[in-house]
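Report on the structure given below.
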Amino acid sequence: MKLIRGRYASSWERKHAFASEDAVIQVRQHLASGQNIEGMDQLRSFLMLNVEHEVLQQVQSGEWLLIKPEAYYFDWGQFEQSMFEQRVMDLMSAAPPHAKPPAIQVFHVADSETAQSLDNRSCRVTGHTAKRPIDSLGITHIPEPAEGERIELRVI
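Here the sequence shown is numbered in this note's numbering, starting from 1260 and rising by one per residue.
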């Protein structure tokens, strides 16, 4: 809650102000409990006599308004859809980098004497423990070796 001068209140603050009777009750409760309300010091600085009665009279007359806390809350709901759309557009314009797939080399395995494809077999590649298949066209796919390494392919 906040006390502000009535003549400087915006229309938004006036809309969220307590009715004068309710404001007097709220201010009286805060004064009785010793709790301070934001703006109370400014109100007291305008008074000739700094007594509770004068404070309550200023609130009751409407010279000073007690504003509800929700007057200063911000409603993000009106921006939620446009913010979502903006995030989508940002992601589309600057998509995260994708992992580069490993480079693959394609080999056609053929008999050195007849030049016929060696199809439906397996082969071993140096540096790889698993067998690699050779398809029905005699083609096998092998991951590209590190720079400077040689590929040795043995047909089983």
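Quick reminder that beta carbons are idealized off the backbone N, C-alpha and C, glycines included.
Residue i versus residue j - alpha carbon distance
i, j, result
"residue 1372", "residue 1414", "15 Å"
"residue 1326", "residue 1354", "46 Å"
"residue 1340", "residue 1351", "17 Å"
"residue 1286", "residue 1300", "13 Å"
"residue 1410", "residue 1358", "25 Å"
Residue i, buried or exposed, once every other Cβ within 10 Å from all chains shown has been counted against 16
i, result
"residue 1317", "buried"
"residue 1384", "buried"
"residue 1388", "exposed"
"residue 1400", "exposed"
"residue 1323", "buried"
"residue 1306", "exposed"
"residue 1291", "exposed"
"residue 1369", "exposed"
Spatial neighbours of residue i in its chain, beta-carbon cut-off 6 Å, leaving aside the 5 residues before and after
i, result
"residue 1367", "1397 and 1398"
Paired residues, beta bridge with residue i - DSSP
i, result
"residue 1401", "1364"
"residue 1261", "1297 and 1326"
Same chain only: Cβ atoms within 8 Å of residue i, ignoring 5 sequence neighbours per side
i, result
"residue 1309", "1303"
"residue 1390", "1381, 1382, 1383 and 1415"
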